[in-house]
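Contents: one structure, followed by commentary.
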Amino acid sequence: MENFRVEEIVWGKVYSKDVHFDIKLKPLPAGIDDIVTKVVSIRKNINENALVIWITLQIDIYFLDKKGALHCFSEEKPLRYVFFPEKIIENMEICVACSAKPKESYLSGETLSMAFLLQFNIKAVVERSDVAPEMLNVMTEKIVTFRTVEEQVKPGIARGFFECPGCTAIIAVKPYIAGVQARILKGMVVVEGQIAVDIFYQGSSGVERHGQIELPLEDVVACSEALPEQQARLSVFFHDVYCRPSRKSGCYDVIIGFELKVKVVERVENRVVTDFDREGFKVVKEDLLLKQVIDEGQFSFLRQQNFKISPPAGKKIDLYGRVQKLCWEVDGESLVVNGTIGFELFYLDESFREIYNFLEMEFSENHSLGKVESGTEFDVQAKILHLITAECSGEGVLIEALVEIKYTGFVRQHTLAVTDITPREGIERQLFQVDKILETRTFDLVENIEIPLEYPALYIEDIKGEIQNLDVTVLDHRFLICGELDIHMYYADPGGIVRCVKTVSPFGVLGEISGGTKDMQVRVLSRAERVSEKISGPSLVEIMFNLNFNAEATRQEDLYLVTGTSDRSSGVYQRVSTDEKVMEISHIMPLSSPAIFIKEVNINVEKSWLEEDSSGLWAAGSIRINAIYTGRDNLVYQAFDESTFRFYIGAGRNLDESRMEFTAKPRKILLNAGGEMMEGEYEVRIKACYIEVKATP
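Heads up: the sequence shown begins at 781 in our numbering, then just goes up one per residue.
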């Protein structure tokens, strides 16, 4: 044994992966006695800053047949995984250890379904000398990113009761989340809150009414990599809503089916190098415009207002509303959203004439955000989920609107970061997961629309247009925006009667992003503005709309940025020693054709693993023998065979299982008298590394 070097542990992490297999067993199994798994082969390679790991998982299944006889079935499963090292330093060595544990199994007929948990213990070390390198002066800037740790989607059902004796029919049921909080514990996320359900129904008088119930939302979502210092982002998608009469009169069963999506993110704050100027070094820089989403959510509220209308109303014909003039600001830890809802009210007056009125309702709503990062910007979108109005009577009409607000909080940062410095001695690079802004574009589309009229138009009372069902499809560096322009036009006929015409005009526009790719995300904000209108004939109106689109393209990238130079004083070090053991194996290998001469014998360690018992550690595995020889007929043949080995390593020492090296070579090769057998003596050499003590540079 020899102490041969001091190493610095650059980084280390344990990754967990779930894997599932279905295996058919023969003869037909009656029960499973035991399942034994082990990783028998590990290979690794660094490919363009990505760590690619290949493992071979051996599964031994012991089962009983119908007669009670014990059988053993063995199968090997090759697997491949890709990881991204957190830091990269010149001459860094990656050490990988992998273990497999059965989680659950289920036997159905001859098929055994199994789930396993693979744990990869990966660390990076670099050899350090006793002389610290010269510290290099660099300029740095703080950068904050949010790395997605884990995402989980869990289905759920919420049940409740809505009691209303005067209800004759259910018109609409609108659920939304209210006051939901997430607390992160180790390995899990605890979700607590309520689902608010607004129920619109027809009362006994025939007038539409509103009621609300709250259903508890309490769940625990398993997230294996979650830690208390991380953050959780929640979103709920409602897919099934049922409200049906129960056995009790005037009572309704409310059933809400939903999917709860939990995203665990980790806030990463570090300093990156922005400038480095020294003779003899080549510096590579990249101009980065980053957009980091730090918060997102939604909330809903109900607003009502009594409007005075003229001339007095007799009966409502139609009501339509849209949110306009939306603005917002952050006040302390609250998001304050202000806006105006515009209502298009179409009704009959007391003389049964059709009348159009445009009404406006202002609103202001506060939503608690908690602590807000400095420099946070918000994107806010609003839409009306439902409108309700009592029957128009006299000079007043009462309108209620259920409004949903969706918001996204983000931070933009522009920096010129150094991505590489060569030579790399003493230079540290760290992996960042960022949302990179590729480009922001604004463009317009002019739409000329012709609307045929049922009655001749004397004059146009009002025209409202709104973009709906907006959809963005990324093609390559191009993207396609599709949607519909919903137009409501109110006009008067020669008799002075106000008429209403509604039409939907589909549109599509193609945009492109410089340097864009198919995996980018494009977010589009749209606005419709009426430019002009003209009565072209007795029954035709031409309207011109300008559609404005603000598109922002982002792409999630894994970037290695230079974070500084090595600082020996803050590193974690270990003193490593090595020990080599040699074992001799004798193996007799049958040949398919009698040989007169052995030309070449190649030996490879095919499988290797560690076993532990009360005496200590044992190294086990198998070697693959490849023999090329000349037969008695002067033809060249090739033969293969395997031989197993197992020998004692020791006990009571801190073995580094991630750096076990197995090599094999032939020592003596003989042919028997007839040439049908090849007798060989082989040497298997194992190099084991031991962590002796924690060291300082």
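Backbone N, C-alpha and C define an ideal beta-carbon position, used for all residues, glycine too.
Expected contact under 8 Å - CB spacing of residue i and residue j to nearest Å
| i | j | result |
| --- | --- | --- |
| Leu1390 | Val1214 | Not a contact, Cβ separation roughly 40 Å. |
| Phe1420 | Ile1403 | Wrong, their Cβ atoms sit about 11 Å apart, outside the cutoff. |
| Ile833 | Glu855 | With 8 Å as the limit, Ile833 and Glu855 do not qualify as a contact, their Cβ atoms being about 20 Å apart. |
| Pro865 | Leu831 | 6 Å |
| Cys1023 | Ile950 | 5 Å |
| Phe1427 | Ala1468 | That belief does not hold up - the Cβ atoms of Phe1427 and Ala1468 are roughly 12 Å apart, past 8 Å. |
| Ile815 | Cys878 | With 8 Å as the limit, Ile815 and Cys878 do not qualify as a contact, their Cβ atoms being about 18 Å apart. |
| Ile1247 | Leu1327 | 7 Å |
| Thr920 | Val1052 | 6 Å |
| Tyr1462 | Ile1378 | Wrong, their Cβ atoms sit about 14 Å apart, outside the cutoff. |
Enclosing beta strand (DSSP E) for residue i [first to last residue]
| i | result |
| --- | --- |
| Asn1228 | Ile1207 to Pro1232 |
| Asn1414 | Premise fails: Asn1414 is in no beta strand (DSSP E) and is neither H nor E. |
| Ile1247 | Tyr1239 to Val1254 |
| Asp1266 | Arg1258 to Ala1272 |
| Val1352 | Val1352 to Pro1370 |
Reduced DSSP secondary structure (H/G/I, E/B, other) of residue i
| i | result |
| --- | --- |
| Arg1133 | coil |
| Ser1015 | strand |
| Ser1395 | coil |
| Ser1026 | coil |
| Val786 | strand |
| Arg908 | strand |
| Arg1433 | coil |
| Arg1047 | strand |
| Arg1426 | strand |
| Arg1058 | coil |
| Ser985 | coil |
| Ser1438 | helix |
| Cys944 | coil |
| Ala1468 | strand |
| Gly1454 | coil |
| Ile1277 | coil |
| Ser1031 | A small fix is needed here, since residue 1031 is Cys in this sequence, not Ser. Strand at Cys1031. |
| Val1000 | strand |
| Lys1387 | strand |
| Lys797 | strand |
| Glu1461 | strand |
| Arg1204 | coil |
| Val1284 | strand |
| Val1052 | strand |
| Met781 | Residue confidence for Met781 is low, a pLDDT of 49 falling below 50, so the modelled location carries little weight and cannot support an answer. |
| Val1289 | strand |
| Ala1444 | strand |
| Val918 | coil |
| Lys1041 | strand |
| Gly792 | strand |
| Leu1196 | strand |
Distance cut-off 7 Å: residue i Cβ against heavy atoms of the ligand ADP
| i | result |
| --- | --- |
| His800 | Although the ligand ADP was asked about, the structure shown includes no ligands whatsoever. |
Counting beta carbon pairs with one atom in the segment 962–973 and one in the segment 986–995, are three or more of them shorter than 8 Å? Inter-segment contact for the segment 986–995 and the segment 962–973 is absent: fewer than three beta-carbon pairs are separated by less than 8 Å.
Threshold first: 4 residues or longer. Then list the alpha helix (DSSP H) segments lying entirely within the segment 809–893, N to C. Correct list: empty.
In chain order, which beta strand (DSSP E) runs of at least 3 residues are fully inside the segment 1292–1347? List check, beta strand (DSSP E) in window: 1301–1317 and 1320–1345.
Within the chosen definition, does the segment 1440–1457 reach the segment 1357–1373 through at least 3 CB pairs nearer than 8 Å? Yes, the segment 1440–1457 is in contact with the segment 1357–1373.
Within the segment 1083–1171, ranges of the beta strand (DSSP E) (whole runs, at least 3 residues): Taking only runs of at least 3 residues, the beta strand (DSSP E) segments lying wholly in the segment 1083–1171 are 1114–1129, 1134–1148 and 1157–1169.
For the structure I just gave you, are there three or more beta carbon pairs, one from the segment 1029–1043 and one from the segment 1088–1099, closer than 8 Å? Judged by Cβ distances under 8 Å, the segment 1029–1043 makes no contact with the segment 1088–1099, as fewer than three pairs qualify.
Inter-stretch contact (C-beta, 8 Å, three-pair minimum) for the segment 1154–1169 and the segment 1197–1210: Three or more Cβ pairs closer than 8 Å define a contact, and the segment 1154–1169 falls short of that threshold against the segment 1197–1210.
What are the uninterrupted segments assigned as beta strand (DSSP E) that are 3 or more residues long and contained completely in the segment 948–977, given in chain order? Entirely contained in the segment 948–977, the beta strand (DSSP E) runs reaching 3 residues are, in chain order, 949–965.
Give a yes or no on contact between the segment 1011–1020 and the segment 1043–1062, applying the rule of three or more CB pairs nearer than 8 Å. Counting Cβ pairs under 8 Å, three or more are found: they touch.
Contact between the segment 1108–1115 and the segment 1125–1135: three or more CB pairs below 8 Å? Under the 8 Å Cβ criterion, the segment 1108–1115 does not count as touching the segment 1125–1135, having fewer than three qualifying pairs.
Given 8 Å as the limit, is there contact between the segment 817–829 and the segment 786–804, that is, 3 or more CB pairs closer than that? Output reads no: the segment 786–804 does not touch the segment 817–829.
Touching by the beta-carbon criterion (3+ pairs, under 8 Å), the segment 1065–1080 and the segment 1222–1232: The answer is no - the segment 1222–1232 does not touch the segment 1065–1080, with fewer than three Cβ pairs under 8 Å.
Inter-stretch contact (C-beta, 8 Å, three-pair minimum) for the segment 1137–1147 and the segment 1046–1054: Cβ pair count under 8 Å is below three, so no.
Can at least three beta-carbon pairs, one atom from the segment 996–1004 and one from the segment 920–932, be found at a separation below 8 Å? Flag = yes, the segment 996–1004 and the segment 920–932 touch.
Are there three or more Cβ pairs, one per stretch, closer than 8 Å when the segment 1177–1187 is compared with the segment 1113–1123? Result yes; three or more Cβ-Cβ pairs closer than 8 Å.
Does the pairing of the segment 952–960 with the segment 976–984 give three or more beta-carbon distances under 8 Å? Contact holds: three or more Cβ-Cβ distances are below 8 Å.
I'd like to know if the segment 1298–1311 and the segment 1244–1261 are in contact, where contact means that at least 3 CB-CB pairs between them fall below 8 Å. Taking 8 Å as the limit for Cβ pairs, the verdict is that the segment 1244–1261 does touch the segment 1298–1311.
Are there three or more Cβ pairs, one per stretch, closer than 8 Å when the segment 802–810 is compared with the segment 887–895? Yes, the segment 802–810 touches the segment 887–895.
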